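Data first, discussion second: the structure below is written as structure tokens.
Residue numbers (our numbering): 6 to 746.
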């Protein structure tokens, strides 16, 4: 096909040659033949050249057609059209693409010169006119305007135009392109709306947001300016590092380098800053690298956590300090003791622990009220602080007890400090314009003489304090001065840990009888300890130790379960008698106490009305909590009695409101009803009030017939004591009931 023009041009030459050959042969002229041949060759050459040009022209024509088709496909595939406005002829030519972007036919634009202008919105036509005038001046330009699509919807168009000038340099034609930019405009509008929303969020956000570039602030939202108390104009250009507290400055600079080098968001960190007015604030900040005006910058967002920090510090202070006196509490004291021991062991220094108990503090509370008692505790803490060295730790673990930690001391110095404190308490305290005298008892343990760990030193100081109190109060006692006695107490404390597992504890039971008939109403479970080395340990010796160490809860749980088990054994023999179990205040106030009672009843399949829980008046200090626990026990069906009534905190009216079943009159009252008329009158009043408040009284410690007769005559229903029976073994209880049968 490439040479078709040349080949087709040779065919006529061949026809002419054949004709000339015939003439030559006809006229037989050599000269004529040569002339014909020359003419043929020249004609062939000319024809061959012209045929080649024809082939090239045809080739270029086909290529142009292909390019035209390609361009047409491109224009047809995009939302665009080419237009040409012949100003001289007043004709507008548009490409086929106009139908795609506008919905109108090419013919409509061709037939009506002003049709294209009519589809644009009237409010945008001034812009189109100005665009047209600018192009007529000979400058290429563009305009964006809205037009109405054939479907009635409004579209955006980008219209460009380039002038074509004639011989006289006048614009005779304008060529251009129209592109549908509706999607672009909608996208930009969404972006503007999104930017506006985000800006509003940033501007209205209570969180901080600022941007700095080359260590200079370039933006800060209102929350940031408000926090610093500055105008935005005052902030721009300043470095954010000037507000960072010196102790946090190194971290801030390091984090900035980290952000720029690693190109990632940093974790949130807390910073301490100093405001221009000198106030301290705490901010929780995190940063991220962002582009800003074409350059790298750091955007920081954060929260003002000053209030949270202050609250946290307050909570931490409360967690480590006594709310009343502000002194370190038990937890902080123990933490400090552990750290002090580490230092003293490393430096081979001495250390002393003092346990201090305020003598007769209960008397102040009872006679002057708890408010006066609290004031006294505050003044005691102040006096203790004045009589120790700088750096010594004075703490209040709770109640009327204080502890002092002395570091880098020898025994002689410890004695001097202890004696100075004792003397300081010789002066009265002024409470509510009254002078109050009180003394203290101090127990001291020394490191390394008495032990090298926290638990041992605390225990021995506590034991020494106990002996200081027992031996007359208003004195101090070093643990190492009564080693044998104190060691026995310590041994009991340590041996208790395994005593339950080794079955060293057992129960005896003392009957409680109806005074008029002698019928056994219930039996009280009393715990005993048979030590494998020390023999029988009296309850009044080991019970206080268990209470001090907290082991009383474990012991109480064992007693409860053993009493329930034994009661079921008796019931199987037909002995249906209630069992009373003593519960310490520590066990009673334990979180799982009621659940433990319920579990014991379920485990031993024992009816709740066969169990009576005996509590002391001391639990009544926390009336709200005691009321809740008693109510839960009553809901189980368990009976409740108050032991040792008259020696503690409660009153008969309070006991009535707590739904108490029985109240036990303490033995100290029963001892004096025969010999002391005042005590006898008090007991009579107790019985009368108990009857009026609808609960029975049980007299404890009845030892002689005269006491029993007095109680019967005055209406006391129940009694207990050696006059009726000592505490006996379970087998003796069984024999007692068999004799009654």
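Think of the CB as a built atom: it goes at the ideal place given N, C-alpha and C, for glycine as much as any other residue. What you are looking at is a predicted structure, and each value in this text was computed from that prediction instead of being measured.
Notebook entry, point to check: Nearest to residue 560 by alpha carbon, out of 299, 574, 512?
Noted result: Of 299, 574, 512, the residue nearest in Cα terms is 512.
Notebook entry, point to check: Who are residue 597's beta bridge partners in DSSP?
Noted result: Looking at the DSSP assignment, residue 597 forms no beta bridge with any residue, so it has no partner.
Checklist line | Closest residue to residue 676 among 439, 706, 191 (Cα-Cα distance) | finding: Looking at the Cα atoms, 706 is the closest of the given residues.
Notebook entry, point to check: What's the C-alpha gap between residue 704 and residue 696?
Noted result: When the Cα atoms are used, residue 704 and residue 696 turn out to be separated by approximately 14 Å.
Check: Start and end of the beta strand (DSSP E) containing residue 149?
Finding: From DSSP, the beta strand (DSSP E) with residue 149 extends over 146-153.
Check: Candidates 160, 280, 290: which alpha carbon is nearest residue 213's?
Finding: For the residues 160, 280, 290, the minimum Cα distance to residue 213 belongs to 290.
Item checked: Rounded straight-line distance, which links the Cα of residue 498 to that of residue 442 -> So the alpha carbons of these two residues sit roughly 34 Å apart.
Next item on the list: Name the residue from 185, 279, 127 whose alpha carbon lies nearest to the alpha carbon of residue 107.
Entry: It is 185 whose Cα lies nearest to the Cα of residue 107.
Next item on the list: Take residue 164 as the anchor and find which of 176, 135, 191 has the nearest alpha-carbon.
Entry: Residue 135 is the option with its Cα nearest to residue 164.
Check: With a CB to CB cut of under 6 Å and the five nearest residues on each side skipped, what residues in its chain are close to residue 192?
Finding: Correct list: empty, nothing qualifies.
Check: residue 575 bridges to which residues according to DSSP?
Finding: According to the DSSP secondary-structure assignment, residue 575 is paired through a beta bridge with no residue.
Notebook entry, point to check: Is the CB-CB distance between residue 449 and residue 472 below 8 Å?
Noted result: No, the pair does not count as a contact, with Cβ atoms beyond the cut-off.
Item checked: Status (buried if at least 16 other CB within 10 Å, exposed otherwise) for residue 587 -> It counts as buried.
Notebook entry, point to check: Considering only residues of the same chain and omitting the five flanking positions on each side of residue 426, which have a CB-CB separation below 6 Å?
Noted result: Shown here for residue 426: same chain residues with a beta carbon closer than 6 Å to its own, the five before and five after excluded, namely 392 in chain order.
Checklist line | Cutoff 6 Å; reference residue 654; Cβ partners in own chain excluding five residues on either side | finding: Its pLDDT being 47, under 50, residue 654 is placed unreliably by the model, and the measurement read from it follows with that caveat. These residues qualify, in order along the chain: 622, 625, 626.
Next item on the list: If I'm right that residue 410 touches residue 476 with Cβ under 8 Å, what's the distance once you round it to whole angstroms?
Entry: That belief does not hold up - the Cβ atoms of residue 410 and residue 476 are roughly 24 Å apart, past 8 Å.
Check: What span of residues does the alpha helix (DSSP H) with residue 253 cover, start to end?
Finding: Per DSSP, the continuous alpha helix (DSSP H) segment holding residue 253 begins and ends at 251-267.
Note to self: At 3 residues or longer, what runs of the beta strand (DSSP E) sit wholly inside the segment 601-680?
What the structure shows: Whole beta strand (DSSP E) segments, 3+ residues: 616-621, 644-650, 667-670.
Next item on the list: Classify residue 401 as buried or exposed, calling it buried when 16 or more other Cβ atoms lie within 10 Å of its own Cβ.
Entry: Buried: at least 16 other Cβ atoms inside 10 Å.
Item checked: Of the residues 373, 374, 405, the one placed nearest residue 385, counting alpha carbons only -> Looking at the Cα atoms, 405 is the closest of the given residues.
Checklist line | residue 92 - DSSP class collapsed to helix/strand/coil | finding: The answer is coil: DSSP assigns residue 92 none of H, G, I, E or B.
Note to self: Can you confirm whether the segment 540-548 touches the segment 568-586 when touching is taken to mean that 3 or more C-beta pairs between the two stretches lie within less than 8 Å?
What the structure shows: Touching, no.
Checklist line | Entirely enclosed alpha helix (DSSP H) segments - the segment 475-545, minimum 4 residues | finding: Within the segment 475-545, the complete alpha helix (DSSP H) runs of at least 4 residues fall at 488-504.
Next item on the list: Work out the CA separation of residue 116 and residue 138 for me, nearest whole Å.
Entry: Roughly 23 Å separates the two Cα atoms.
Next item on the list: Tell me, to the nearest whole angstrom, how far the beta carbon of residue 564 is from that of residue 595; I am working on the premise that it is less than 8 Å.
Entry: Not confirmed; about 14 Å, so no contact.
Check: Looking at the unbroken alpha helix (DSSP H) that takes in residue 121, where does it start and where does it end?
Finding: Start and end: 120-123.
Margin query: If you follow the alpha helix (DSSP H) that residue 684 is in, where does it begin and where does it stop?
Written below: Element bounds for residue 684: 682-697.
Item checked: contact_flag[the segment 590-607, the segment 522-529] where n(CB pairs < 8 Å) is 3 or more -> Here the segment 590-607 makes no contact with the segment 522-529; the two share fewer than three CB pairs at distances below 8 Å.
Note to self: Give me the residue from 712, 168, 387 with the minimum Cα distance to residue 728.
What the structure shows: Proximity to residue 728 across 712, 168, 387 peaks at 712, based on C-alpha coordinates.
Checklist line | Stretch pair the segment 410-421 + the segment 362-381: three plus CB contacts closer than 8 Å | finding: A contact between stretches requires three or more CB pairs, one per stretch, nearer than 8 Å, and the segment 410-421 fails this requirement with the segment 362-381.
Notebook entry, point to check: Should residue 312 be labelled buried (16 or more other beta-carbon atoms within 10 Å of its own) or exposed?
Noted result: Classification of residue 312: exposed, given that the 10 Å Cβ count is below 16.
Check: Hey, out of 457, 167, 104, 150, whose CA is closest to residue 90's CA?
Finding: Of 457, 167, 104, 150, the smallest CA-CA separation from residue 90 is found for 167.
Check: Whose CA, out of 458, 281, 294, 260, lies closest to the CA of residue 357?
Finding: Out of 458, 281, 294, 260, 458 has the C-alpha closest to the C-alpha of residue 357.
Check: Can you tell me where the beta strand (DSSP E) with residue 221 in it begins and where it stops?
Finding: Run containing residue 221: 221-225, per the beta strand (DSSP E) assignment.
Next item on the list: Could you tell me if residue 333 is buried or exposed, where buried requires 16 or more neighbouring beta carbons within 10 angstroms of its beta carbon?
Entry: So residue 333 counts as buried.
Checklist line | Alpha-carbon spacing of residue 328 relative to residue 437, whole angstroms | finding: Spanning the two alpha carbons is a distance of roughly 21 Å.
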